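Protein chains in written order, with full-length UniProt numbering: chain X, 1 to 417; chain G, 1 to 1015. In what follows, a structure is listed as structure tokens, so that the remarks can point back to it.
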Amino acid sequence: MRKDYSSWSLFTKGLRHNEGWNPAWRSAEPKPSYDVVIVGAGGHGLATAYYLAKDHGVRNIAVLEKGYLGGGNTARNTTIVRSNYLWDEAALLYEHALKLWEGLTEDLNFNVMFSQRGVFNLGHTLQDMRDIERRVNANNLDGIDAMVLDAAEVKRRIPILNTSKSARYPVLGASFQPRGGVARHDAVAWGFARAASKYGVDIIENCEVTGMDIANGRIAGLETTRGTIRSERVGCVASGHSSVLAKMAGIRMPIESHPLQAFVSESMKPVLDTVVMSNAVHGYASQSDKGELVIGAGIDHYTSYTQRGSPHIIEHTAAAILELFPMFSRARMNRQWGGIVDTTPDACPIISKTKVKGLYFNCGWGTGGFKATPGSGNVFAHTIARDDPHPLNRAFDLARFSTGHLIDEHGAAGVAH
Amino acid sequence: MSSYRVRRPGARVDFDKPLTFSFDGQAYDGFAGDTLASALLANGTRMLARSFKYGRPRGIIGTGPEEPNALMQIETGAHTIPNLKATQVELYDGLVARRTTGWPTLEFDLKSLGGLFSRFMPAGFYYKTFQNQKLWPKFEHIIRQAAGYGSAPSEPDPETYDHSHRHAQVVIVGGGASGLLAALLAGRAGLKVVLLDEQNECGGWLLSSPHSVIGGEQASAWLKSAVGELQSLPNVQVLTRTSAFALHDMNLVLAVEQLQDHLPIADRAAHQPRQRLHRIRAERVVLATGAIERPLVFGNNDVPGIMTASALTTYLNRYGVAVGKRILLQTSNDHVYQGAADLARAGCEVVLADTRTRINPAWEKRVRAAGVDVRTGFGIAYARGRRAVTGAQLVKLDAQRNVVVGSGPSIDCDALGSSGGLSPTVHLYCHDGGRPHWDEERLAFVVPEAGRAKSGIYGVGAVTGEFGLQNALEQTERITRELLSSLGKSAPTSSGNLKTDEPDATPARRIFRVPDGRAEGHGKKAFVDFQNDVSAADIHLAVRENYRSIEHIKRYTALGFGTDQGKLSNVNGFAIAADVLGKSIPEVGTTTYRPAYSPVTFGTLAGAHAGDTFEPRRYSPMQAAHVARGAEFEPVGQWLRPWYFPQTGEDLHAAVRRECLAARRGVGIMDASTLGKIDLRGKDVREFLNRVYANAWTQLAPGKCRYGLMLDENGMVMDDGVTACVADNHFLMTTTTGGAARVMTWLEKWHQTEWPDLDVYMTSVTDHWATAAVVGPKSRQVLAKICSDIDLSPSAFKFMDWREGTVAGVPARVFRISFSGELAFEVNVDANYGHHVWEALMDGGREFDITPYGTETMHVLRAEKGFIIVGQDTDGSMTPLDLDMAWAVGMKKPFSFIGKRSFARSDTAGPNRKQLVGLLTDDPQIVLAEGAQVIERADVTPPAAMLGHVTSSYYSPELGRSIALAVVRDGIARRSEDGHKSGRDLLYAYAGGKAHKVTVVSPVFVDPKGDRQNV
């Protein structure tokens, strides 16, 4: 693929008043039929189209988007990337994604600003530390970079963190994944859109799927607000509305959709150069290149499709951040927002064939889908192209909710005795 | 007084109260009533910031939350606040302000060198370069250093915050003319009214035009009497310095009240919070949020000294500051005319360039009478000046189309104000899902006049597009009367004469970007968003590159992303985008308005939930006893439990060894008060227990206890505990300490949503009971010393019985249960007697050397017995069968129980599951790491298959060696019954780079037959 984004192109186009830039992607009119239709032009959907075209030679692809591309959770997350999951199945999937992240900017010829500034998961109780030890050992045996740090070492690496023993929940230590970090979320969608478009993928925005044409147990096409589109292979990647789409195919997805909120501070001088997460006090934060603290909150407990949540969640999260960083007390929240996350019973995604032949779902990423974007698209493309799961997503089959082979990343753990 | 000061009648500064303050280390004078911005302008300061991307000189543009440039670091040390807008900082004596941009100095900013190459740094340039992943961290480091405005404090916050809940019939947001009138009408009707205004006093635009006329009197007089009347009404509360920053569903208004920031630090009351968050739930919300003037976009429109026209008027009339001597005003509408006249009357030389060819004759007459030089049909091609505006080049515009048709004069000036119209402050209306409407006549996104009356949300005044004062007041009266009648009230009297002296408005010109006769991107930079250096050319570029959705345009260019949230820039951006896209403005639409309307302090959001009160620390009733005995504590959930009781010179291990041996061989005592306790009553409690526990409860008689496993829907263990039958329809359940609230919620959820037909009432009684566990072979003797009315003999009081009686003179429930495998009695008393009974047991046990022990010893004792701790030995993936606890599952119960169906799932029922086992290291002195992974071979080259992990690991003083519990795939079959240590029972435990050889054994290390607890 020609690399038309470079310092040289910036220079030459700049000389000509930047009038020579081409559209980053082509906006297409829907054709009557496609070999593969992807529903949902978020990061995952666009990545799926990109890898279908690049790795599997599928060219006649459409990506349908009911709003603007990258406008769902791709545009709303806190951009954390890591792969230090507990269970093999999850860890290997996210590690696959992380490896793709590491080459993504060059692969897409689009700077997605993947910044490996490391991710800390803090431990505040003895049980937290047991869990951290367990996870880090598992990561090491899976070949994933991870280490256990004690409180003094955490303090050395994050001087502004409150590690006082008199804190309400003192920091006892942390797991640290140096290769984790953050990326520019919008750029991921745009970069994949541009790269997919170059392979001839039709990206069709403002095109909402309203029905599915299923005959004899096979998908035949989709009804959309822009007409009927025929296709014998349809991949649905519509976070926040996966169960709504599945219902069109008569499939009851084991998914609940909840609001998830986040907020940013005003832009400040660099003060936090890594990603800090704490389950125990329930907050996580990083600082963007622009200087804003990017802070994630917990999910609202009720289910909803409105992309906004309850204020008490934001208040609790602010309190959690101040527990970790008391010095941010006088910093200010600039903007808060919400997205809708599809959660599964085991907090792991569904990347799966369905009972409808030719209909595939990639959903249920809960609060953690962004980090998987390239990996998710990559294995989902494989699943669609071969009509058979990639080894890395075989375990993420819908059937696990019938067999009980859950990959329980959140568990029922928590603190006991 | 500086030469910029003008003694304006009606000004809100007190010229008799001079103040001093500093900016960037230099001392300045101001007056009470000034903002930092007005005081700096009065001192002649024009450039006080550098722009984000190009390092261009920037000055003050606005007067309030719309200000994009004048971001200040206020105060130093622990009191410092980053990024306050100078326009919102009330001046006080001794205030210390610093710039937040400009490095190394404001005069010379390094970024301005980069600005010379700005054509190579268009919107989104960083997506197109820096593509080497290895070099990216270096580029990124430079980008990060260049970004950011103020600095976060480096010290803990010395001030406090709190939250207040309010309920109102009517909450009115905005104390301008419309808001005040609405409050008067609602207040006179007797409704409970809360009026919020973000400024230090009510009045809104009336403060900037005190000489306009309402009902025959001066606006300043009308304002005074309105505020006076509101203050006299007991049912009306006026909160000034209170910014409503969010509107949530069901009419929940969130507002921040500033209580201290306007005072010198030394004068702030220690007992007073700095800010208070009001959560106001209202039957009706009236948005009287007004409008913010929108500047026009023209070349070099960011030079310091260029402002919105209304800002020039406000600084003159409200603060007594004439920003310039020679003022050029550029407008497309009538709004600037009053200000033009005021500025001219105050002695400024004023040129008013109106882009329209047909202007309002009444206004023209008035301003010409004041001495204003009016030029019609002219636009500003570009401004001149670098660190302060020196003039502007005008061009002749076509009467209809926004194109240049001829040259215009060059005008010298030292201040320049522009107005492209007013943008209603629709933010709150949109926070909970409302969408603003585009009003093509008024050229504004407005709140529809009807608001969303069905949800109780109304708009009045400028926010609805009623920009004229008289129209706004008349509309406010009408709408408020509708609101009152919706609440069954009527306004008792007429609001009186609302006539003003404004001429009828002449239509505004539809112009956002003033043309300069050149293609976009070829002329001088024309900024749309000042804070993020977004120019009109950037929007063109975004569209050219197919970022056509307004959200894409915003995200690609950063339009509206700043701390001003695009209050000046968004509508211009939308309009320019619409022009480029060839669409109408409503087709392009707006980006989403999100809270906060203006930034909110983190501390305010957290309120009292900070520091020690982040979450309550819960202590048992015996806490004082534990502290007196020198306990170390472990946080468990919100509780702090004694971890161990070190004696002089002891570390954790020595103390635990001593405590363990005491409990095994003599007697120990443990505080078990923190276990969750739920009192269940009702005729269906047995059935309810049958459904929520895996085992059966039908037969449990009063006076008996039973251990139960609680499962989730997947059949996985989620909690455990002992439940006692108090009476046939009355049970007392215990849960894990950390799981108490979760279990209570869980039970309520099932009862309320699935089985509301069951007669069950649940009450959390965790805090009501104190529990002391007396543990060990001598526990019976200890208890006997202070309990005479319970027959403690083994035949009368059996294991898993409980009895009611008196202990240490206090009514007690004594349970004969054991978490250590030893003979044990758990004494439960009213929490208020807990400390007393603890001490009585200590006294009674003195002769037996009774030894208090904490959670660590409890863990060792239970691990020696293979008793699980939910959450430590289980992780949400363990069934009772995996734990070898089939005995705790009643598969024959007539009604199903939660989790039962999942046992039939192929994987849950299948082979190769992870199961609870014991592990013994070859070297008995090696204590495995908890969290060590169990592997088959010593080779740890990744990927190494993991069979399970070590869940609990201790040194057992009783056995004189290490022991561990683990979950291991197919573990039960691997257990070595005879210690043969070969084949499948031989594994490795890996942690921290080391693998230790281990043998898989039964998890019960001590007293496998369970004889000791039955003596």
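For every residue, glycine included, the Cβ atom is placed at its ideal position computed from N, Cα and C. On a predicted model such as this, the values are computed, not experimentally measured, just so you know.
- Around the beta carbon of Val209(X), 16 or more other beta carbons sit within 10 angstroms, so the residue counts as buried.
- Distance check between Gly305(G) and each of Gln199(G), His167(G), Ile550(G) and Gly44(G) places Gly44(G) closest, using alpha-carbon atoms only.
- Ile327(G): member of the beta strand (DSSP E) spanning Arg326 to Thr331, first to last residue.
- For Gln116(X), the secondary structure class from DSSP, reduced to helix, strand or coil, is coil.
- Between the C-alpha atoms of Cys348(X) and Leu93(X) there is a straight-line separation of about 11 Å.
- For Thr601(G), at least one C-beta of chain X is nearer than 8 Å to its own C-beta.
- From the beta-carbon of Leu126(X), the residues of chain G found nearer than 8 Å are Glu634.
- Beta-bridge partners assigned by DSSP to Leu920(G): Thr999(G).
- Beta-bridge partners assigned by DSSP to Ile280(G): Arg166(G) and Val253(G).
- Neighbours of Gln933(G) in chain X, taken as residues whose beta carbon is under 8 Å from its own, are Arg134, Asn137, Ala138 and Leu141 in chain order.
- Secondary structure note for Val379(X): its alpha helix (DSSP H) is the uninterrupted segment Thr373 to Arg386.
- DSSP, read as helix, strand or coil, puts Met72(G) in strand.
- For Ser962(G), there are no C-beta contacts with chain X under 9 Å, since the nearest C-beta of that chain is about 16 Å from it.
- Rounded to the nearest whole angstrom, the C-alpha separation of Lys778(G) and Ala662(G) is 10 Å.
- Counting only residues of its own chain and dropping the five nearest sequence neighbours on each side, Gln287(X) has a CB closer than 8 Å to the CB of Met268, Pro270, Val271, Leu272, Asp273, Leu293 and Val294.
- In terms of CA proximity to Phe897(G), Glu754(G) leads the group Thr851(G), Ala863(G) and Glu754(G).
- Between the alpha carbons of Leu823(G) and Trp802(G) lies a gap of roughly 14 Å.
- Per the coordinates, the alpha-carbon of Gln638(G) lies some 30 Å from the alpha-carbon of Gly948(G).
- Proximity of Asp88(X) to chain G, defined by a Cβ-Cβ separation below 8 Å, is satisfied.
- For Ile457(G), the enclosing beta strand (DSSP E) has its first and last residue at Ile457 to Gly459.
- In the three-state reduction of the DSSP assignment, Trp643(G) falls in the strand class.
- Nearest Cα to Ala182(G) within the set His768(G), Val227(G) and Tyr315(G): Val227(G).
- Glu65(X) is positioned such that its CB atom lies no closer than 8 Å to that of Cys236(X).
- By the neighbour-count criterion, in which a residue is buried when 16 or more other Cβ atoms sit within 10 angstroms of its Cβ, His768(G) is exposed.
- For Val336(G), the secondary structure class from DSSP, reduced to helix, strand or coil, is coil.
- Just so you know, the alpha carbons of Ala97(G) and Arg50(G) end up roughly 16 Å apart.
- Within chain X, the residues whose beta carbon sits less than 7 Å from that of Ile81(G) are Arg330, listed in sequence order.
- Residues of the stretch 924-956 of chain G with a Cβ closer than 9 Å to any Cβ of chain X, in chain order: Ala929, Glu930, Gly931, Ala932, Gln933, Ile935, Val940, Thr941, Pro942, Pro943, Ala944, Ala945, Met946, His949, Val950, Thr951 and Ser952.
- Within the same chain, and ignoring the five residues on either side of Val940(G) in sequence, the residues whose Cβ sits closer than 7 Å to its Cβ are Tyr990 and Ala995.
- Looking at Pro153(G), Thr601(G), Ala909(G) and Val774(G), the one whose alpha-carbon comes closest to that of Arg335(X) is Thr601(G).
- Partner residues in the beta bridge of Thr242(G), as assigned by DSSP, are Glu257(G).
- Nearest Cα to Arg345(G) within the set His335(G), Val367(G), Leu328(G) and Leu352(G): Val367(G).
- Identification of chain G residues near Gly291(X) by a Cβ-Cβ cut-off of 8 Å yields Arg144, Ala147, Gly148 and Tyr149, ordered along the chain.
- Counting the other Cβ atoms within 10 Å of the Cβ of Arg218(X) gives fewer than 16, which makes it exposed.
- For Asp408(X), same chain residues with a beta-carbon under 6 Å away, outside a window of 5 residues either side, are Asp346 in chain order.
- The beta carbon of Phe130(G) sits closer than 8 Å to the beta carbons of Trp136, Phe139 and Glu140 from its chain, once the five residues preceding and following it are set aside; these are given in chain order.
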